[in-house]
Amino acid sequence: MRAEPAAARADGAADGGGSPRRREIVEALWRIAAERGLHAASMREVAAEAGVSLRAVQYHFASKHRLLVAALHVLHEENERIARTRVRFDPADPRGLLRGVLDEFLPVDDQRATALRVLAAYYARSLTDPALARVFLHDEHPLEELVAGIIEAARDGGRTAPGLDARAEADLLVSAAVGLGGDVLHERRTLEEVRRTLDYRLGTIFADGPATSGDAPGDGEADA
């Protein structure tokens with residue numbers, strides 16, 4: 002769920018969605034990553050999953066590293082594009098805005114669950130692949146900065162508890178949402194339990210009372 006790494010843009014193969022065939026290959030890698038992990042995503046396996054020849058994969062992506070970087074780049078773009086259609090950016094409702102942002106870290110639906118599984122596979126791979134780690138674990142923290150900015154604006158408007166450290170609260174919220182979202186994927190917690198926990202934390206931040214799970218943006222669509 003992190004913002005697009007700068008290193009991905011610099012890679013010659015970063016334009017993973019530049020053609021229908023390239024997109025098919027990228028999506029094949031996502032499916033393998035989500036179901037079996039990136040260790041299973043050899044060029045040959047990706048070709049088989051995409052229904053194309055190995056030569057076609059090699060034509061579009063000169064190496065596995067370029068394919069991995071390109072697929073990560075496209076995944077970030079896709080996540081951001083879809084999130085923009087779901088999250089209501091209402092400056093008059095900072096708590097609702099934060100809840101919408103945090104929902105993007107939770108497996109609320111199949112699309113988000115798959116994306117989170119793919120990102121988890123990238124994280125696991127980055128532990129043993131220094132070149133990929135330099136792309137995946139970049140120094141920027143755009144999501145934390147986004148959340149901190151929302152909290153700062155609410156604090157300046159007298160909407161939060163006094164004396165908050167917006168950046169520390171943002172780090173706690175993002176880390177909690179990522180970790181708890183993983184617990185939902187592993188079926189260690191339910192989505193409802195995780196939302197109650199995040200609501201509790203939001204209730205300690207905002208001065209106008211605790212949020213309730215029933216107010217979550219998009220709940221009706223997700224439940225449907």
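So the sequence shown is numbered by my numbering: it starts at 2 and just counts up by one. No residue lacks a Cβ here, since even glycine has one placed at the ideal position from N, Cα and C.
Mind checking residue i: buried by the 16 CB within 10 Å criterion, or exposed?
i    : result
H74  : buried
L117 : buried
A93  : exposed
A63  : exposed
F1   : An answer regarding residue 1 cannot be provided, because it is not within the stretch 2 to 225 covered by the chain.
G101 : buried
E105 : buried
Tell me, please, which residues DSSP counts as bridged to residue i.
i    : result
F137 : Per DSSP, none; premise fails for F137.
Near residue i, which residues of its chain fall below 7 Å by C-beta distance, leaving aside the five closest residues on each side in sequence?
i    : result
E170 : I152 and I206
E50  : A29, R32 and I33
F90  : L98
A149 : A167, R168 and A171
Please list, in chain order, all residues of the same chain as residue i whose beta carbon is under 6 Å from its beta carbon, the five residues on each side excluded.
i    : result
M115 : Sequence check: residue 115 is Thr here, not Met. For T115, where only same-chain residues beyond five positions count, the Cβ hits under 6 Å are A35.
Can you list, in chain order, the residues of its chain with a C-beta nearer than 8 Å to that of residue i? Leave out the 5 residues immediately preceding and following it.
i    : result
E145 : R168, A171, D172 and V175
Grouping DSSP H, G and I as helix and E and B as strand, with all else coil, what is residue i?
i    : result
T161 : strand
S214 : Per-residue confidence for S214 stands at a pLDDT of 48, beneath the threshold of 50, marking its modelled position as unreliable; no derived number is given.
Using a Cβ-Cβ distance cut-off of 8 Å, determine whether residue i contacts chain D.
i   : result
W31 : The structure shown contains no chain D, having only a single protein chain.
At least 3 beta-carbon pairs within less than 8 Å: the region 119-129 vs the region 51-64: no
Cβ pair count under 8 Å reaching 3, the region 180-198 against the region 152-163: no
Touching by the beta-carbon criterion (3+ pairs, under 8 Å), the region 74-92 and the region 159-168: no
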